[in-house]
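Single-structure report; data block below.
Structure (structure tokens):
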């Protein structure tokens, strides 16, 4: 006798099929289930759309906005610029600190050479 045919595996109820696209193959999982399938293409997730900055809006769009909305947009823009400046300052401080430490180590090495 021949062994019984295996039953087809049904799709688990908690999985959701990924949306089909012309560029990639459809998959049942967002992440690949095994290492053997790591070469298969997985559709990339798109980032949420970012609303335009108040500085990028046209005059007519700004005029159509409410006063509170304009104030909120300007405050948001100022906070974003401030955060960007703080990140740049922090980066420069770290660079200067590492350079200062490197120079101090070099001075200590040279003093050790002179004392020999």
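Numbering (our numbering), first residue to last: 183 to 298. From the three backbone atoms N, C-alpha and C, an ideal C-beta is built for every residue, glycine too. Given the structure is predicted, the values throughout are model-derived calculations rather than measurements.
Below 8 Å, how does it come out for the segment 262-270 and the segment 279-293: are there three or more Cβ pairs, yes or no? Verdict: no, contact absent.
Excluding the 5 residues flanking residue 239 on each side, which residues of the same chain have their C-beta closer than 6 Å to its C-beta? none
Which of the three DSSP states, helix, strand or coil, is assigned to residue 230? coil
Which stretch, first to last residue, makes up the alpha helix (DSSP H) that contains residue 286? 249-297
Out of curiosity, what's the CA-to-CA distance linking residue 262 and residue 232? 13 Å
What does the Cβ neighbour count give for residue 236, buried or exposed, with the cut at 16 atoms within 10 Å? buried
With DSSP collapsed to three states, give me the class of residue 242. DSSP, reduced to helix, strand and coil, places residue 242 within a helical segment of the structure shown.
At the level of alpha carbons, what is the spacing between residue 279 and residue 228? Distance between residue 279 and residue 228, taken at the CA atoms: about 38 Å.
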